[in-house]
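All residue numbers for the sequence shown refer to our numbering, where the first residue is 1 and numbers rise by one.
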Amino acid sequence: ALPGSFGRMWIGPLLPQFLAEFPDVRIEAEFSNRFVDLVAENFDVAVRLGALEDSRLVARKVATRRRLLCAAPSYLARRGTPATPEALLEHSCLGFSGFQTFPAWEMTDSTGRRVSIEVSGPLVTDDAEVLVEAAVQGVGLMMSTDWLVGRELADGRLVPVLEDWTLADEGAVYVVMPSAKGQAAKTRAFADWIGKRFAPVPPWRR
Numbered sequence: 001a002l003p004g005s006f007g008r009m010w011i012g013p014l015l016p017q018f019l020a021e022f023p024d025v026r027i028e029a030e031f032s033n034r035f036v037d038l039v040a041e042n043f044d045v046a047v048r049l050g051a052l053e054d055s056r057l058v059a060r061k062v063a064t065r066r067r068l069l070c071a072a073p074s075y076l077a078r079r080g081t082p083a084t085p086e087a088l089l090e091h092s093c094l095g096f097s098g099f100q101t102f103p104a105w106e107m108t109d110s111t112g113r114r115v116s117i118e119v120s121g122p123l124v125t126d127d128a129e130v131l132v133e134a135a136v137q138g139v140g141l142m143m144s145t146d147w148l149v150g151r152e153l154a155d156g157r158l159v160p161v162l163e164d165w166t167l168a169d170e171g172a173v174y175v176v177m178p179s180a181k182g183q184a185a186k187t188r189a190f191a192d193w194i195g196k197r198f199a200p201v202p203p204w205r206r
């Protein structure tokens, strides 16, 4: 079980390599943003983002993730670069309705000061990949997880904004499995293999 966007971007392209190394293993992959019950639905393994709540599972942290604000150079050239969180109120901000705090963007500076800014803008959607494309085309500022915009940051299509501020929900990437008791060798092999591909630095930060 794989998260939709994350799975397509960072796990899907690795599956052919895994199958080449383990030709006797068959993978049935579900790419979905729904929360699957590994035990009830008979999944061997899942990749999950953020906090873990199911104590029946064995979890292995394979990478960290962080949120950031970013925008296209063309947008910043046209509208200016915000110097404070409060300045975001004067900007076009792209809204992801899947964020728990939507439409508020919560931030903390190095002194511990916390602010919550209710942003607005021309586009709100539950599809993060649509927002990335809109941001690249200069429609507005975007709050994103680093794995989602790693390629765009690397090639300069997007640039970070307000880098001195930390955004809520840093989180991590986990490989989770049912109880270790009776765990299949194929399951452990997949978890180990993914962990090695994401260490010591996850691919979206290379």
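All C-beta atoms, glycine included, are put in the ideal place defined by N, C-alpha and C.
Status (buried if at least 16 other CB within 10 Å, exposed otherwise) for residue i
i, result
"Ser116", "exposed"
"Asp126", "exposed"
"Thr145", "buried"
"Val119", "buried"
"Arg226", "A query on residue 226 cannot be resolved here, the shown segment of the chain reaching from 1 to 206 and no further."
"Ala51", "exposed"
"Glu67", "First, the amino acid is wrong: residue 67 is Arg here, not Glu. Buried is the call here."
"Val201", "exposed"
Proximity of residue i and residue j at Cβ, strictly below 8 Å
i, j, result
"Ser74", "Gly121", "no"
"Leu57", "Leu141", "no"
"Gly4", "Asn33", "yes"
"Gly7", "Phe31", "yes"
"Ala135", "Leu158", "yes"
"Ala72", "Gln137", "yes"
"Pro82", "Met107", "no"
"Val130", "Leu148", "no"
"Arg205", "Gly150", "yes"
"Trp105", "Leu123", "no"
Close beta carbons around residue i, own chain, < 7 Å, minus the five adjacent residues each side
i, result
"Pro203", "Trp10"
"Ala220", "No information on residue 220 is available, as it lies outside the stretch 1 to 206 that the chain covers here."
"Asp164", "Asp109 and Ser110"
Distance between beta carbons of residue j and residue i, contact taken as under 8 Å
i, j, result
"Phe175", "Val39", "The identity of residue 175 in the sequence shown is Val, whereas the question assumes Phe. In fact, because the Cβ distance is near 16 Å, the residues do not count as touching under 8 Å."
"Leu49", "Val173", "6 Å"
"Met177", "Ala199", "Their Cβ separation, rounded to whole angstroms, is 18 Å, which puts Met177 and Ala199 out of contact at 8 Å."
Cβ shell of residue i (< 6 Å), same chain only, five flanking positions each side left out
i, result
"Ala1", "Glu30, Val36, Phe43 and Ala46"
"Leu162", "Leu69"
"Pro160", "Leu68 and Cys70"
Contacting residues, own chain, Cβ-Cβ under 8 Å from residue i (five flanking each side not counted)
i, result
"Gly195", "Arg60, Val62 and Val175"
"Gly12", "Leu2, Ala29 and Phe31"
"Arg79", "His91 and Ser92"
"Arg197", "Leu14 and Pro203"
"Ser179", "Arg56, Leu57 and Val58"
Residue-chain proximity (residue i, chain B), Cβ-Cβ < 8 Å
i, result
"Lys186", "Included in the structure is just one protein chain, with no chain B present."
Review point. Is it true that the segment 57-67 meets the segment 13-23, where meeting means three or more beta-carbon pairs spaced less than 8 Å apart?
Key: no
Point to revise | Three-pair Cβ contact test at 8 Å for the segment 91-106 versus the segment 162-172 | key: yes
Review point. Is it a yes or a no for the segment 131-146 touching the segment 83-92, going by three-plus beta-carbon pairs under 8 Å?
Key: yes
Review point. Three or more beta-carbon pairs under 8 Å between the segment 177-194 and the segment 21-38, yes or no?
Key: yes
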